[in-house]
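S.K.: Oh and the sequence shown: position 154 is 383 in the working numbering, straight run, nothing missing. Glycine residues also receive a C-beta, built at the ideal position from the N, C-alpha and C atoms. Below you'll find the structure I mean.
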Amino acid sequence: MAAIPHSPDAQPSEPLGEAPVVETPAGAVRGVMLTEAGAAYLGIPYAEPPVGDLRYAAPVKRAPWDGVRDASRYGATPQRMYMTGVTLIPEPSFPGDDTLLVNVFTPKPNDPEAKLPVFVWIHGGGFMSGSPSSPWYDGGAFPRDGVVVVSVSYRLGFDGFARLEGAPDNRGVRDWLLALEWVRESIAAFGGDPGKVTIGGQSAGGSAVLTLLGMPQAQHLFRAAIAESPGAFGSSRSAAAERAAAFARRLGVAATREAFAALDEEAVFTEQKKMTDEEMGPQMAKTLTGGGELSAWAPFVDGDLVPYAIEQALEKGVGADKALLIGATAGEFEMVSTMMPAPLDWLPRGLALRMSGLSGARGKTYGAATPGKPRLLLGRIMTDFVFRFFVARALAARDRNRDAGTFAYDFRFTNPDDGIAGHCIELPFTWDCLESDNVAASAGPNPPQHLADTAHAAWVAFIRDGDPGWPSYDRTERQGMVFDHKSRATAVYTRESDLTTALDG
């Protein structure tokens, strides 16, 4: 496969030529061929740049352009001043103001009769960072298997999710909606079927998917959803307003759109990073037992666009007619334990539990079901309360409104270097990109191709048919798929389901 350019001046290292010009409702675009049967169209704008009069505004649909737009390079990324380089996955950052873009990967460019299923990907990064332009999402394996991939950029952090007087709430959510409207209007020109759209995302992206699944205004834009490692993000409108007011005080301005629009953008980014760094420790301590928000800036219940919290929406049956594939890795945040000082293992386990807010009967219940020395125990607490318990609750809520299948998975393959099935480890397998950049840091050396074959095939089947190939989850059998060296259909999240019931009781 040809390498896709990951900087404004880069070119594919093994160019296979130009891709056919595609006519979209907004104008023509010319991409690049990645393989003899796969093309990429990069940095296509779905909205006007969110600067000037459009800063902190709802996204505005992109005006048509004349001529043929070059779509052979990735465009600017919203996190360009907040984070660059490699985190758990490669997440390149590019400068520029024109940030509300989509990237399209297709085996059937300029073939509106192909009517292929479409996978729209919303990247993770805690709603603070991340990138739609990761080489892991270049989409080669999905187009190879007859799926059109669209990766979406959206406003992050304060820009996307701060509650400001005079500004529309949940601007990042509005970006997702407009990007999905773009897909509905334009994807047929790239060989996709607008009636066969599956939305997917991982981590914050998984929570974004569940947010959209629970929004009445989004229901016409997709038919199925994949939520990988969704976290317990989100808050209330009042909490979001308090957060914005606290941030405004740091900058010496009012928490209004007018005041923030007058500030230098870089100054806002810089202060946002300082505030996040200062609050990281206390915030993570609160999230250990579900007592705090996972991110300072995230979608919040606004009473309009986002009328319900995720679990409430699932309970009410919003999106119940859409198939859902959902799961987590076995050790999402257990890597935290490897970063803690070894002397912590000298602590009595009971003290470690109390330090995490698990005291009395709750501590005894959780401790009895969770083996391991104190450092590992703390990593497992974070994994459970931020991710796995959230998935278990989502499965239970969906079970009460089963108009469409709900398919659970539990990714348990561990990196042989640290023995952890950590955050992001499933991505190179589900995307079948084991030879991509930095995969070894997440999945270890020589990750098994047979596992990628199995996981990726399940994702393709779900995107194509709404069924990954194992029984739908219900609260009695709790059936799902465990992905490991030997993947198997079995009961999943039994411990988590039982514990959440006991701890909530």
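1. So is M357 buried or exposed if we call it buried at 16+ other beta carbons inside 10 Å?
2. Unbroken alpha helix (DSSP H) runs of length 4 or more, entirely within the segment 287-312: which are they?
3. Going by beta carbon distance, what residues of the same chain come within less than 7 Å of T567, once the five residues before and after it are set aside?
4. Since I believe A453 is in contact with A552 (beta carbons under 8 Å), could you give me their beta-carbon distance rounded to a whole number of angstroms?
5. Can you grab the Cα-Cα spacing for the pair H325 / G272, in whole Å?
6. Looking only at its own chain, which residues have a Cβ that is under 6 Å from the Cβ of M710, when we skip the five neighbours before and after it?
7. At the level of alpha carbons, what is the spacing between S771 and V297?
8. Applying the criterion that 16 or more other CB atoms from any shown protein chain within 10 Å of the CB defines a buried residue, is H352 buried or exposed?
9. I need the DSSP call for T730, collapsed to helix, strand or coil.
10. Note down the Cα distance separating P445 from V547, rounded to an integer number of angstroms.
11. Ignore the nearest five residues each way along the sequence and tell me which others in G314's own chain have a CB closer than 7 Å to its CB.
12. Determine the contact status of L480 and E507, defining contact as a CB-CB distance below 8 Å.
13. Exposed or buried, S467, counting other C-beta atoms within 10 Å across all chains shown (16 or more means buried)?
14. Using the beta-carbon count (16 or more within 10 Å), is E725 buried or exposed?
15. Around the C-beta of H652, are 16 or more other C-beta atoms found within 10 angstroms, so that it is buried, or is it exposed?
16. Is the Cβ-Cβ distance between F387 and F371 less than 8 Å?
17. So, under 8 Å CB-CB, V377 and G424 are touching, yes? Tell me the CB distance rounded to an integer number of Å.
18. Which residues does DSSP pair with L553 in a beta bridge?
19. Which one of E265, L442, G460 has the shortest CA to CA distance from V620?
20. Mapping DSSP to helix, strand and coil, what is M504?
21. Could you tell me if R604 is buried or exposed, where buried requires 16 or more neighbouring beta carbons within 10 angstroms of its beta carbon?
22. Could you please give the first and the last residue of the uninterrupted alpha helix (DSSP H) stretch that includes L348?
23. Return the first residue and the last residue of the alpha helix (DSSP H) that M611 is part of.
24. Restricting to runs no shorter than 4 residues, where is the alpha helix (DSSP H) found entirely within the segment 437-502?
25. In chain order, what residues of the same chain lie with their CB nearer than 6 Å to the CB of S380, ignoring the 5 residues before and after it?
26. Quick one, which of K290, P319, Y303 has its alpha-carbon nearest V668's?
M.R.: With the structure as the only source:
1. As a working note, residue 357 is residue 128 in the sequence shown. Classification of M357: buried, given that the 10 Å Cβ count is 16 or more.
2. DSSP runs (the alpha helix (DSSP H)) wholly in the segment 287-312: none.
3. By 1-based counting over the sequence shown, the position of residue 567 is 338. The answer, listed in chain order, is D647.
4. What you label residue 552 is simply residue 323 of the sequence shown in a count that begins at 1. What you label residue 453 is simply residue 224 of the sequence shown in a count that begins at 1. Right, the Cβ-Cβ distance comes to about 4 Å (below 8 Å), so this counts as a contact.
5. Along the sequence shown, read from residue 1 onward, the residue named residue 325 stands at position 96. Along the sequence shown, read from residue 1 onward, the residue named residue 272 stands at position 43. Per the sequence shown, residue 325 should be read as Gly rather than His. Distance between the alpha carbons of G325 and G272 is about 12 Å.
6. Within the sequence shown, residue 710 is the residue found at index 481, counting from 1. The residues are Y638, W699, A718.
7. Coverage of the chain is limited to positions 230 through 734, which leaves residue 771 absent and any answer about it impossible.
8. Locating residue 352 in the sequence shown gives position 123, counting from the first residue. By the neighbour-count criterion, in which 16 or more other beta carbons inside 10 Å mark a residue as buried, H352 falls on the buried side.
9. On the sequence shown, residue 730 is found 501 positions in, with the first residue counted as 1. In the structure shown, T730 adopts helical secondary structure according to DSSP, grouped into three states.
10. Along the sequence shown, one-based indexing puts residue 445 at 216. Along the sequence shown, one-based indexing puts residue 547 at 318. Whole-angstrom Cα-Cα distance: 7 Å.
11. Stepping through the sequence shown from its first residue, residue 314 is reached at position 85. Residue confidence for G314 is low, a pLDDT of 43 falling below 50, so the modelled location carries little weight; the figure read from the coordinates is stated next. So no residue of the chain qualifies.
12. Stepping through the sequence shown from its first residue, residue 480 is reached at position 251. Stepping through the sequence shown from its first residue, residue 507 is reached at position 278. It is not a contact, given that the beta carbons lie outside the stated cut-off.
13. For the purposes of this step, residue 467 is taken as the residue at position 238 of the sequence shown. The residue is exposed, with fewer than 16 neighbouring Cβ atoms inside 10 Å.
14. What you label residue 725 is simply residue 496 of the sequence shown in a count that begins at 1. With a threshold of 16 other beta carbon atoms within 10 Å, E725 meets it and is buried.
15. Within the sequence shown, the letter at position 423 stands for residue 652. Looking at its Cβ environment, which holds 16 or more other Cβ atoms inside 10 Å, H652 is buried.
16. Looking up residue 387 in the sequence shown gives position 158. Looking up residue 371 in the sequence shown gives position 142. With respect to F371, F387 sits apart: the two C-beta atoms are not nearer than 8 Å.
17. Residue 377 sits at position 148 when you count from the first residue of the sequence shown. Residue 424 sits at position 195 when you count from the first residue of the sequence shown. Actually they are not in contact, since the Cβ atoms of V377 and G424 sit about 13 Å apart, beyond 8 Å.
18. Taking the first residue of the sequence shown as position 1, residue 553 is located at position 324. L553 pairs with A454, T635.
19. Counting from 1 along the sequence shown, the entry for residue 620 is found at position 391. V620 has its Cα closest to that of G460, out of E265, L442, G460.
20. Taking the sequence shown and counting its residues from 1, the one referred to as residue 504 is at position 275. For M504, the three-state secondary structure derived from DSSP is helix.
21. Looking up residue 604 in the sequence shown gives position 375. Around the C-beta of R604, 16 or more other C-beta atoms lie within 10 Å, and the residue is accordingly described as buried.
22. For this step, residue 348 is matched to residue 119 along the sequence shown. Residue identity differs from the one stated: residue 348 is Phe in this sequence, not Leu. Note, F348: premise wrong, no alpha helix (DSSP H); beta strand (DSSP E) at 345-351.
23. In the sequence shown, residue 611 corresponds to position 382, counting from 1. 603-612 is the span of the alpha helix (DSSP H), which, as asked, contains M611.
24. You should have 466-480, 486-490.
25. Residue 380 sits at position 151 when you count from the first residue of the sequence shown. In its chain, beyond the 5 residues on either side, N332, W350, P361, Y366 have a beta carbon closer than 6 Å to the beta carbon of S380.
26. Taking the sequence shown and counting its residues from 1, one reaches residue 668 at position 439. With distances taken between Cα atoms, V668 lies closest to P319.
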